[in-house]
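Below is one structure, written out as structure tokens; the observations come after it.
In the numbering used here, the protein residues as written are 110 to 849.
Dropping the structure here:
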């Protein structure tokens, strides 16, 4: 039989037995003229593609295969895929009439395998009391591939994408059927896995024949793959390396595919790490400039190390922009830990998308708005809000004072307004406000209105400390007074800036918030907590979570505690007693802090903010030894490390605890510890990663590196899971040089 006769029968006969036709000896002496693809293959009515109005039978989970109904549905899906593969390969024979005879004959041999697979599925379904066509059939594969123009694109799509993915799925279902005692179904999948290796090898052979001399198999595959398909479809949940090697794929191809993430289909969200957003706002408020300050080497290193952390906020259809793409070895490490990867894209990479769903920065700033044109237009624009007032530390102090006034029932827990800071816009005001705290025997903390991670602040123990050059320079710089400042220590009433909470007259306010400092008592820190949430357009706090984080004495971020247990599970009894909380989750305490989150969300919404926000909360020791909670220390109308920490916590096994730590590379060196790549190897050997056996498989113990140890030059971020690993990592973090 001629190939074109065989192919026409497979594609245009509606009888199922004709789809299974054995052509006997096959020849290719008369390929004929190329066919245009039909809208769909000819099929019997019961095998026709389902319409959109008809719901598909839900594909069963692996653990459901002990039920005969679930097995029938799974085999029914697989049989339909085999039938579609037969029809698509027949269409390829009718379209690519000028392709090499060896290619066309090889495609016929692949069809013979697919026919046998279909026959085996039909027989097994019948033995379970079912029939092909019993459930609605989908035509996704046909709609994705029927218009492919070239043989190279066809093997990239069929052999190296869909059939390559079947290596993983066939092995998964082979194992799953065996686990429930269905040896008959398991044997079919074992046979199919063996044949699929040959089919992928067929695609590999012709990819290598047709690729250009200057590209390897991975580059050729990406170039050949049609724009409506993604290489992500070429792998299943469990990545079978041995089968791919047997199919002749190069090690580079295998490793690139293992970590591949690329968005195709819907426009992606684009996540951008801009850690200088507060500095950008301060600069714009002072001078009106929307240009970002010149990047220092230290800031470049920090951004390069921490930008990939945005992946934990994204999903696999999104793009995370990074100064440098993490290595394949690190991405493989994350995949083995159970994380799904977005696409990582460097700033100079081309943007194939004509539009994006949204630009999602760490924080919105004037500089980001000015430069938003370097990304494709976003379907959802950046939110417009009064950034200066929302980010200002002065606003946070005003909101705290107002919250305490409005919630007197919380004062036994949150203290009173005496611990709230006040604004000072002249040097005399700085002295006056500070004097009130010094008179009570307290040290004074002076904060610039825009700052983060312990920057732009000083601590003064006595009035004499104002004479220090560093203190005077700090005050002069932030108040904008360049001349000599007289030191006056006479007492004045603290300045009440309550009007700053008024959402009107913003134009006047934006200049004032930068030309003032926040003066507050330096409290005896016991514990740092954070509230993370999302501000809705209606001004409510959605998805509020309380977590505990760690800072150095200077306020530099060190890490977070993760897990379902309360932040207080290891707290001393005296603290639990004073705060009236239990070591486990305490709903009353959470409700009170929930009121704080709702209050702050409302204030931010009045300024136009919508999206992520965080509130730093401080547990401190009062003069009488009691523990008090300062519920609003700082407000961050942006993403925080707490948002990333809660995403990481979602990967922990039920009941497990973890700690996420940021280790400064220079401190590791000063402490005589190994550099990040070597330290990572040592930690992995000592605390190998294990996953919980039950689905979904989450982190049970060991270490996960959340940025790339091979690339870390400023910060190495490490997730430790389980008490032994946490204790070891805490010991490293607690070295004297790491807590400055």
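We put the beta carbon where it would ideally sit given N, CA and C, even for glycine.
What you are looking at is a predicted structure, and each value in this text was computed from that prediction instead of being measured.
By DSSP, does residue i sit in helix, in strand, or in coil?
{"i": "residue 471", "result": "coil"}
{"i": "residue 460", "result": "coil"}
{"i": "residue 128", "result": "helix"}
{"i": "residue 406", "result": "helix"}
{"i": "residue 620", "result": "With a pLDDT of 39 at residue 620, under the threshold of 50, the predicted position of this residue should be treated as unreliable, though the coordinate-derived value follows. Three-state result, residue 620: helix."}
{"i": "residue 565", "result": "coil"}
{"i": "residue 425", "result": "coil"}
{"i": "residue 750", "result": "helix"}
{"i": "residue 645", "result": "coil"}
{"i": "residue 151", "result": "coil"}
{"i": "residue 690", "result": "coil"}
{"i": "residue 111", "result": "strand"}
{"i": "residue 258", "result": "coil"}
{"i": "residue 745", "result": "strand"}
{"i": "residue 761", "result": "strand"}
{"i": "residue 838", "result": "helix"}
{"i": "residue 219", "result": "helix"}
{"i": "residue 385", "result": "coil"}
{"i": "residue 169", "result": "coil"}
The beta strand (DSSP E) with residue i in it runs from where to where?
{"i": "residue 666", "result": "666-672"}
{"i": "residue 315", "result": "Not the beta strand (DSSP E): residue 315 falls in the alpha helix (DSSP H), residues 292-319."}
{"i": "residue 630", "result": "626-630"}
{"i": "residue 810", "result": "808-814"}
{"i": "residue 720", "result": "720-730"}
{"i": "residue 489", "result": "487-489"}
{"i": "residue 380", "result": "378-381"}
{"i": "residue 554", "result": "553-556"}
Which whole-angstrom value describes the C-beta separation of residue i and residue j, a residue pair presumed to lie in contact below a C-beta threshold of 8 Å?
{"i": "residue 684", "j": "residue 736", "result": "5 Å"}
{"i": "residue 749", "j": "residue 414", "result": "In fact, because the Cβ distance is near 17 Å, the residues do not count as touching under 8 Å."}
{"i": "residue 713", "j": "residue 557", "result": "Actually they are not in contact, since the Cβ atoms of residue 713 and residue 557 sit about 20 Å apart, beyond 8 Å."}
{"i": "residue 825", "j": "residue 813", "result": "With 8 Å as the limit, residue 825 and residue 813 do not qualify as a contact, their Cβ atoms being about 12 Å apart."}
{"i": "residue 228", "j": "residue 125", "result": "Actually they are not in contact, since the Cβ atoms of residue 228 and residue 125 sit about 10 Å apart, beyond 8 Å."}
{"i": "residue 293", "j": "residue 233", "result": "6 Å"}
{"i": "residue 280", "j": "residue 302", "result": "6 Å"}
{"i": "residue 719", "j": "residue 833", "result": "Not a contact, Cβ separation roughly 43 Å."}
{"i": "residue 195", "j": "residue 224", "result": "6 Å"}
Where do the N-terminal and C-terminal ends of the alpha helix (DSSP H) with residue i fall, by residue?
{"i": "residue 272", "result": "272-288"}
{"i": "residue 521", "result": "520-523"}
{"i": "residue 531", "result": "Counting along the chain, residue 531 falls outside any alpha helix (DSSP H), though it belongs to the beta strand (DSSP E) covering 531-533."}
{"i": "residue 179", "result": "177-204"}
{"i": "residue 333", "result": "326-333"}
{"i": "residue 507", "result": "502-515"}
{"i": "residue 791", "result": "785-795"}
{"i": "residue 363", "result": "360-367"}
{"i": "residue 778", "result": "774-779"}
{"i": "residue 269", "result": "Looking at the DSSP string, residue 269 is not in any alpha helix (DSSP H), and its letter there is neither H nor E."}
{"i": "residue 544", "result": "536-547"}
{"i": "residue 86", "result": "Here the chain has residues from 110 to 849 only, and residue 86 is not among them."}
Within 10 angstroms of the Cβ of residue i, are there 16 or more other Cβ atoms? Answer buried if so, exposed if not.
{"i": "residue 277", "result": "buried"}
{"i": "residue 350", "result": "exposed"}
{"i": "residue 189", "result": "buried"}
{"i": "residue 490", "result": "exposed"}
{"i": "residue 721", "result": "buried"}
{"i": "residue 136", "result": "exposed"}
{"i": "residue 615", "result": "Its pLDDT being 34, under 50, residue 615 is placed unreliably by the model, and nothing is read from it."}
{"i": "residue 531", "result": "buried"}
{"i": "residue 472", "result": "buried"}
{"i": "residue 540", "result": "buried"}
{"i": "residue 690", "result": "buried"}
{"i": "residue 123", "result": "exposed"}
{"i": "residue 390", "result": "buried"}
{"i": "residue 460", "result": "exposed"}
{"i": "residue 317", "result": "exposed"}
{"i": "residue 260", "result": "buried"}
Where DSSP assigns a beta bridge to residue i, which residues make up the other side?
{"i": "residue 769", "result": "669, 828"}
{"i": "residue 453", "result": "429"}
{"i": "residue 733", "result": "Answer is none; residue 733 lacks a bridge partner."}
{"i": "residue 633", "result": "730"}
{"i": "residue 660", "result": "666"}
{"i": "residue 651", "result": "643"}
{"i": "residue 465", "result": "487"}
{"i": "residue 158", "result": "246"}
{"i": "residue 638", "result": "657, 726"}
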